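Reading through the structure tokens given below for one structure.
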Amino acid sequence: MENKNRYVPSRFNAITHTDDNGVVLFNSYTGAITYFSDQEKQAVLSSLKRAGTDLLENEIQEDLHTNGFLVSSHVDEKRRAQFLHQSLHRTDTMHLVLMPTEACNFRCTYCYETFERGKMNRTVINGLKAFVQEKAASLTDLHISWFGGEPLISLDVIEELSETFLAIAKENHVQYSCDLVTNGYLLTKDTFQRLLSWNINQFMITVDGVGEVHDRRRHLTGGGRTFDTIIENLIAIKDVPGSFDITIRTNFDEDNLQATSELTHFLKDHFADDKRFGILFRPVGQWGGKNDDDIPVCSRTMANKKIWELTDEAITQGFGMSSMIADSLMPSASVCYAAKPHSLVVSSHGQLYKCTLSLHEEFNQVGKIHEDGHLELDYDKIASWVTSGEETDAVCQSCFYRPVCQGNHCPLYRMRTGERPCPYEKRNIKKVLNLIWKNSTQ
Ligand code: SF4
Ligand code: SF4
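For the sequence shown, this note's numbering assigns the number 1 to the initial residue and increments by one for each residue that follows.
Have a look at this one:
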């Protein structure tokens with residue numbers, strides 16, 4: 001018997017209602033996030049009934065189909081997701097997380113790093129140059145994440161490597177992009193402009209409160225204040241023209257939770273007029289540092305709730321949320337680099353890791369880089385990071401968020417706890433879609 005085609009709702013859809021009686025639809029396979037008004041809502045909801053529709057009879061149904069909310073009943077969506085996951089094995093993309101130094105000028109109360117090693121040594125710098133030169137002919141995309149320690153302490157290493165990588169990328173027609181995580185203390189306007197000139201234009205800077213609240217959590221080695229300098233730097237950066245993206249991250253626990261309103265007011269007063277700045281809230285965890293037992297972490301339930309309550313409050317006050325949140329909903333976007341086959345963390349002394357957190361654990365020490373650019377790799381260890389997600393987890397295979405996370409948002413969390421590492425966004429998807437809509441109306 002002929003198997004007649006119908007258009008049925010995608011298994012990867014999520015929907016939420018908005019305050020103005022509209023709806024926001026999200027499809028995790030296409031990454032589409034679409035708003036429909038009160039007038040369009042009924043047509044949308046009836047088109048998305050489980051039984052589906054024989055034909056695409058109007059513009060709304062066409063639109064739903066184009067964006068992947070309605071799919072042909074002949075489509076095997078699980079296969080699509082599986083294929084998307086396999087595409088992480090493409091050999092023409094590479095992501096390197098580089099530590100130009102492992103030293104830091106801060107001693108944050110919740111930090112897990114040990115600062116045993118300093119600046120990246122000459123062998124590693126030469127090795128990275130040789131490796132990228134050798135690899136470039138087969139690459140279309142190279143992404144570098146500058147990480148540390150505090151990477152700006154070794155700006156000369158960033159400069160030397162950036163200039164080499166930029167030249168190699170140009171010569172080989174490779175798309176070259178970068179992000180940088182910094183505490184912001186050394187991020188003067190001049191340094192910022194130099195970073196932009198090296199294609200570094202996505203930044204994450206942590207601010208945990210106003211004045212003393214921030215300073216007692218994120219102080220200099222030896223105890224000095226840091227808030228005023230960071231804010232002066234950020235205000236100066238506002239004058240820099242052009243395109244860049246700054247996420248101000250606030251790590252919260254019971255200690256600073258009550259102070260976040262004051263912070264969002266402050267940030268609104270200084271940055272709300274510049275859409276290149278946005279906020280991201282994340283709970284502090286016991287990440288393995290020496291103060292772990294003393295950190296007043298929020299319970300998991302409380303943390304899951306507070307992230308979005310605080311974001312909502314910031315948007316209501318007029319300070320937008322970080323672009324990282326909507327970006328993290330795109331296909332494959334919440335797969336951690338540790339789970340990607342062509343991603344490596346390179347420490348300042350040439351040790352290769354998959355994950356930036358568990359640096360002292362043997363299973364994360366996956367190889368070494370040599371001065372001639374040769375990588376010595378332990379593929380058995382790498383395999384344990386790369387294959388622990390959706391391929392072995394039936395619940396992930398059936399999850400509506402599978403294309404985004406692939407069961408691999410944090411392979412370390414899965415290894416340590418045996419639990420699924422569902423991203424915060426997935427756990428509260430309706431609220432998140434609502435906030436994305438609300439943020440877009442500001
Ligand atoms: S595996 Fe988890 S802890 Fe490690 S880098 Fe990825 S998200 Fe971070
Ligand atoms: S880890 Fe969670 S969000 Fe990710 S695919 Fe599995 S069930 Fe879905």
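Glycine is no exception: its CB is placed at the ideal position from the N, C-alpha and C atoms. These figures come from a predicted structure and were not determined experimentally.
Exercise. Excluding five sequence neighbours on each side, which residues of the same chain lie with their C-beta closer than 6 Å to the C-beta of residue 371?
Worked result: 123, 126, 127
Exercise. So, using beta-carbon positions, are residue 280 and residue 357 closer together than 7 Å?
Worked result: no
For this session: Locate the beta strand (DSSP E) running through residue 376, then write down its first and last residues.
Result: 375-377
For this session: Pull up the CB-CB distance for residue 62 and residue 11, whole angstroms please, since I reckon it's below 8 Å.
Result: In fact, because the Cβ distance is near 20 Å, the residues do not count as touching under 8 Å.
Exercise. CB residue 389 to CB residue 368, shorter than 7 Å?
Worked result: no
For this session: Report the residue ranges of all alpha helix (DSSP H) runs contained in full by the segment 112-167; include only those spanning at least 4 residues, in chain order.
Result: 122-136
Exercise. Should the segment 276-292 be regarded as contacting the segment 234-253, the criterion being three or more beta carbon pairs within less than 8 Å?
Worked result: yes
Problem set entry | residue 340 classed as buried or exposed, judged by whether at least 16 other C-beta atoms fall within 10 angstroms | buried
Problem set entry | Alpha-carbon spacing of residue 20 relative to residue 309, whole angstroms | 19 Å
Problem set entry | Identity of the residues DSSP links to residue 218 by a beta bridge | 108
Exercise. Assuming residue 246 contacts residue 277 under a Cβ cut-off of 8 Å, what Cβ separation, rounded to an integer in Å, is found between them?
Worked result: 5 Å
Exercise. In three-state DSSP terms, what is residue 231?
Worked result: helix
Exercise. Taking the C-alpha atoms as reference points, what is the distance between residue 326 and residue 305?
Worked result: 18 Å
For this session: Can you have a look at residue 319 and say buried or exposed, based on whether 16 or more other CB atoms are within 10 angstroms of its CB?
Result: buried
For this session: Decide if the segment 148-159 is in contact with the segment 98-112; the criterion is three or more beta carbon pairs, one per stretch, under 8 Å apart.
Result: yes
Problem set entry | Cβ shell of residue 65 (< 7 Å), same chain only, five flanking positions each side left out | 7, 56
For this session: Report the three-state DSSP secondary structure of residue 403 (helix, strand or coil).
Result: helix
Exercise. Going along the chain, which residues put their C-beta within less than 7 Å of some heavy atom in ligand 2?
Worked result: 390, 393, 395, 396, 399, 401, 402, 405, 406, 407, 409, 420, 421, 422, 423, 426
Problem set entry | Residues near residue 154 in its chain [Cβ-Cβ closer than 7 Å; skip 5 each side] | 100, 101, 119, 120
Problem set entry | Assigned secondary structure, residue 347 (DSSP; H/G/I helix, E/B strand, else coil) | coil
Problem set entry | the segment 209-217 in contact with the segment 167-180 per 3-pair CB rule at 8 Å | no
Exercise. Helix, strand or coil for residue 263 per DSSP?
Worked result: helix
Exercise. What is the C-beta distance between residue 172 and residue 136, in whole angstroms, given that I count them as a contact (C-beta under 8 Å)?
Worked result: 4 Å
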